[in-house]
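Chemist: This is the structure I want to talk about, given as structure tokens.
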Amino acid sequence: MSTDGRPATFTYTGGPVAASPRTLAGLGRPIPFEYDPVYLERFKAVERKVAQVYETEQDIVLMQGEAVLGLEAAARGLCRPRMTALNLVSGIFGKWFGDWLRALGAEVVEIEVEWNDAIDPAEVERALAEHPEIELVAVVHSETPSGTLNPVAEIGPLARSAGALVIVDAVSAFAGTPVRTDAWDLDITVAGPQKCLGGPPGVSLVSVSDRAWEAMEANPGAPRSSYLSLLDWKQRWIDGGREKFPYTTSVADINGIDAALDELLADGLETSFERHERAARACRAGVRAMGLELWAAREEIASHGVTAVTVPDGVSNRDVIAHVRSAYEVMLSDGEHAEMTERVFRLGHMGPASRSLNPVVALAALGKGLADFGVALEIGAGVEAALEVLTEPVDARAQGAPAG
Numbered sequence: 002m003s004t005d006g007r008p009a010t011f012t013y014t015g016g017p018v019a020a021s022p023r024t025l026a027g028l029g030r031p032i033p034f035e036y037d038p039v040y041l042e043r044f045k046a047v048e049r050k051v052a053q054v055y056e057t058e059q060d061i062v063l064m065q066g067e068a069v070l071g072l073e074a075a076a077r078g079l080c081r082p083r084m085t086a087l088n089l090v091s092g093i094f095g096k097w098f099g100d101w102l103r104a105l106g107a108e109v110v111e112i113e114v115e116w117n118d119a120i121d122p123a124e125v126e127r128a129l130a131e132h133p134e135i136e137l138v139a140v141v142h143s144e145t146p147s148g149t150l151n152p153v154a155e156i157g158p159l160a161r162s163a164g165a166l167v168i169v170d171a172v173s174a175f176a177g178t179p180v181r182t183d184a185w186d187l188d189i190t191v192a193g194p195q196k197c198l199g200g201p202p203g204v205s206l207v208s209v210s211d212r213a214w215e216a217m218e219a220n221p222g223a224p225r226s227s228y229l230s231l232l233d234w235k236q237r238w239i240d241g242g243r244e245k246f247p248y249t250t251s252v253a254d255i256n257g258i259d260a261a262l263d264e265l266l267a268d269g270l271e272t273s274f275e276r277h278e279r280a281a282r283a284c285r286a287g288v289r290a291m292g293l294e295l296w297a298a299r300e301e302i303a304s305h306g307v308t309a310v311t312v313p314d315g316v317s318n319r320d321v322i323a324h325v326r327s328a329y330e331v332m333l334s335d336g337e338h339a340e341m342t343e344r345v346f347r348l349g350h351m352g353p354a355s356r357s358l359n360p361v362v363a364l365a366a367l368g369k370g371l372a373d374f375g376v377a378l379e380i381g382a383g384v385e386a387a388l389e390v391l392t393e394p395v396d397a398r399a400q401g402a403p404a405g
């Protein structure tokens with residue numbers, strides 16, 4: 002892939018995504034001393050804004066590392082040897098979480114569906130009834146490599162009624178799909194700023210319930226005095242009056258995330274949810290009209306942040322992606338992990354990429370790239386179908402929106 006060192010003009014990937022000018026300006030702020038009162042207030046303000054997006058009164062922890070740090074910290078904080086955990090798998094990240102639970106000594110009950118499908122809440126209810134010893138349920142809200150959503154709104158209350166704690170990977174749902182943490186009875190929710198928020202990677206946005214804190218404090222194996230410790234943040238930062246951090250914070254990332262959150266909240270959460278849902282529907286309509294196959298088994302489980310497209314027979318998605326990047330300066334994604342890598346293209350429409358005609362550009366780039374490799378497509382029909390969705394009146398969009 003020859004790019005002559007130039008960045009892509011358009012980035013439509015599974016994340017990180019391109020940042021807005023406002024977010025870039027935030028990243029360009031002077032780097033302060035972390036105990037400068039201006040920065041301390043900014044850090045606290047970011048916590049409050051993240052809580053708004055999560056729709057929660059829970060404690061917010063801004064762990065200073067990409068969202069995988071927050072997810073592993075959650076697993077290590079709550080998991081105990083020989084405890085029983087229910088792990089829900091609809092893609093690579095759900096499978097990955099189960100590996101952590103087993104490595105930490107848990108007895109894992111697993112519900113796995115095809116990776117183009119979603120978890121059935123009835124199966125969750127059945128598993129909880131058959132295994133009353135389950136203490137922990139883990140689920141991915143939006144499986145980014147698969148471009149699918151799981152019904153967390155139904156799973157959370159089922160787990161709570163069974164007395165189990167719930168960990169949710171909301172990395173690519175946050176800011177693009179509702180994550181109603183308190184209403185859905187979620188105990189630890191982890192997101193990343195580099196997806197639908199359109200911020201920089203490098204910080205885990207973690208919401209922690211009182212029930213989860215109590216379980217961690219009672220767990221002798223929960224990390225303490227460790228980069229993986231949520232308890233360090235509670236004991237030193239939260240319980241300490243938010244005066245001292247457990248370690249140096251990523252001040253530039255916090256500056257950028259603060260700007261991205263300000264932009265999101267100025268637009269309004271519902272506006273962002275509607276825009277991401279509309280961009281996703283436009284992409285799906287365009288994919289179908291072009292003659293390609295969507296990876297998600299059903300419309301109502303398709304992600305609002307990324308559209309996964311099945312790779313046509315006879316072509317390599319990596320070759321097409323490299324060609325589109327080199328020839329047209331557009332960056333697309335493959336399936337990125339494990340067996341998903343070569344099976345799909347992913348068109349990301351998160352953050353700034355959900356705005357304006359970006360979904361049309363993503364579709365046209367994919368269509369032209371495939372056509373250059375000899376795949377017969379109706380590119381114009383795809384563009385037309387996407388434009389039809391993007392230009393629908395607001396009331397028509399609301400009527401056509403699938404349940405999240």
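Each residue of the sequence shown is one higher than the one before, counting from 2 in our numbering. Ideal Cβ positions, reconstructed from N, Cα and C, are used throughout, including at glycine.
Assuming contact is defined by CB atoms lying nearer than 8 angstroms, are V252 and Y40 in contact in what I supplied?
Modeler: Going by C-beta atoms, V252 is nearer than 8 angstroms to Y40.
Chemist: When we look at the beta-carbon of A20 and count the other beta-carbons within 10 Å, is it buried (16 or more) or exposed?
Modeler: By the 10 Å Cβ count, A20 comes out buried.
Chemist: Could you check what DSSP says for A399 in three-state terms: helix, strand or coil?
Modeler: Summary for A399: the model assigns pLDDT 46, below 50, so the residue's position carries little reliability; its value from the coordinates is reported in the next sentence. Correct three-state label for A399: helix.
Chemist: Using a Cβ-Cβ cut-off of 7 angstroms (strictly less than) and excluding sequence neighbours within five positions of E337, which residues of its own chain qualify?
Modeler: Around E337: G15 and P146.
Chemist: With which residues is V331 paired in a DSSP beta bridge?
Modeler: According to DSSP, which records beta bridges pairwise, V331 is partnered with F11.
Chemist: DSSP state of M84, grouped into three classes?
Modeler: The answer is coil: DSSP assigns M84 none of H, G, I, E or B.
Chemist: Between which residues of its own chain and T250 is the CB-CB distance below 6 angstroms, once the five residues before and five after are set aside?
Modeler: Cβ within range, chain order: E35 and Q65.
Chemist: Identify which residue in A283, A74 and P38 has its Cα closest to the Cα of S357.
Modeler: It is A283.
Chemist: Compute the distance between the beta-carbons of I120 and S91, then report whether it is under 8 angstroms.
Modeler: Going by C-beta atoms, I120 is nearer than 8 angstroms to S91.
Chemist: Report the residue from A192, S162, V207 and D118 whose alpha carbon sits nearest the alpha carbon of W185.
Modeler: Selected option, being the one with the closest Cα: S162.
Chemist: Using C-beta distances below 7 angstroms, list every residue in its chain close to G375, excluding the 5 sequence neighbours before and after it, in chain order.
Modeler: No residues qualify anywhere along the chain.
Chemist: DSSP has M64 in a bridge; who is on the other side?
Modeler: BP columns for M64 point to S205.
Chemist: Please state the DSSP three-state secondary structure of L105.
Modeler: In this structure, L105 counts as coil in the three-state DSSP scheme.
Chemist: Specify the secondary structure class of A19 as computed by DSSP and reduced to three states.
Modeler: It is coil, neither helix nor strand.
Chemist: Report, in whole angstroms, the separation of the C-beta atoms of A363 and L378, which I expect to be a contact under 8 angstroms.
Modeler: Going by Cβ atoms, the distance from A363 to L378 rounds to 14 angstroms, so no, they are not a contact pair.
Chemist: Return the first residue and the last residue of the beta strand (DSSP E) that A309 is part of.
Modeler: That run of the beta strand (DSSP E) goes V307 to T311.
Chemist: For T392, does the count of other Cβ atoms within 10 angstroms reach 16, so buried, or fall short, so exposed?
Modeler: T392 is exposed by the Cβ-count criterion.
Chemist: For G241, name the three-state secondary structure that DSSP assigns.
Modeler: Looking at G241 - three-state DSSP - the assignment turns out to be coil, as it is neither helix nor strand.
Chemist: Can you list, in chain order, the residues of its chain with a C-beta nearer than 6 angstroms to that of T342? Leave out the 5 residues immediately preceding and following it.
Modeler: Closer than 6 angstroms at the Cβ level, and outside the excluded window around T342, lie D335 and G336.
Chemist: Taking C-alpha atoms, which residue in K45, P31, V180 and V169 lies nearest to R271?
Modeler: The sequence shown places Glu at residue 271, rather than the Arg named in the question. Cα-wise, what sits closest to E271 is V180.
Chemist: Looking at C-beta atoms only, is the number of pairs between the stretch 320-333 and the stretch 365-375 that lie closer than 8 angstroms three or more?
Modeler: Short answer: they touch.
Chemist: From V18 to A86, what distance separates their C-alpha atoms?
Modeler: Between V18 and A86, the C-alpha separation is close to 33 angstroms.
Chemist: So the candidates are L137, R285 and A261; which of them puts its Cα closest to the Cα of E389?
Modeler: The residue with the shortest Cα to Cα distance from E389 is R285.
Chemist: Just the Cα atoms here: how many angstroms apart are A366 and I380?
Modeler: The alpha-carbon atoms of A366 and I380 are separated by roughly 9 angstroms.
Chemist: Does V39 come out as helix, strand or coil in the three-state DSSP assignment?
Modeler: The answer is helix: DSSP assigns V39 an H, G or I state.
Chemist: Taking only three categories from DSSP, how would you classify A387?
Modeler: Three-state DSSP puts A387 in a helix.
Chemist: Taking only the alpha-carbon atoms, compute the straight-line gap between A130 and R279 and give it to the nearest angstrom.
Modeler: Each residue's Cα considered, the two are about 38 angstroms apart.
Chemist: Which residue from K235, A297, V140 and A290 puts its Cα closest to that of D118?
Modeler: Cα-wise, what sits closest to D118 is A297.
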